[in-house]
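Numbering (this note's numbering), first residue to last: 9 to 145.
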Amino acid sequence: MDQKPARVRIVDAAHELMLSIGLARTTTKEIARAAGCSEAALYKYFSGKEELFVTVLAERLPRLGNLLGELNADEGTVEGNLTEIARVAALFYEQTFPMAASLYAEPRLKRRHEEGVGGLEAGPHLPIRQLDAYLRA
């Protein structure tokens, strides 16, 4: 049986730990141990816990933004589309709440997270904008 690449194991371990004990209590040392690699190996792929958190959100959770971005007012029914949005949103927020809530326990982490997504076309405001655009179409 082939072992997963180190980066995949690291992201998987970070996801599991952040869900189970929260972002504030998860350390890079614990992530590396759970991934079966050294902490130095973790830092080859990620600058720190903050980057891992953003990676987990992007790669391991339901893609609410993608769903909203792909909606077309001419396809499906409004009721069906809104039902699917609600289903995916519930899954996304169910998984992100335990992780994101712990951002408030570490002001430095929260600040860095906000700075990290601030320069990107990313963040919690995007799904709202996309839903608004869909409903106005």
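Every residue gets a Cβ at the ideal spot worked out from N, C-alpha and C, and that includes glycine.
Check: Proximity of Ile18 and Leu50 at Cβ, strictly below 7 Å; Outcome: yes
Check: Inter-residue Cα distance where the pair is Arg144 and Val86; Outcome: 11 Å
Check: Inter-residue spacing [alpha-carbon to alpha-carbon] between Ser28 and Arg120; Outcome: 22 Å
Check: Check whether Val64 and Ala94 have beta carbons under 7 Å apart; Outcome: no
Check: Close Cβ partners of Glu24 (< 8 Å) along its chain, the five nearest in sequence each way excluded; Outcome: Ala42
Check: Own chain residues within Cβ distance below 7 Å of Arg15, not counting five before or after; Outcome: Tyr53
Check: Proximity below 7 Å, CB of Leu75 to CB of Val96; Outcome: yes
Check: Within 7 Å, strictly: CB atoms of Glu47 and Thr34; Outcome: no
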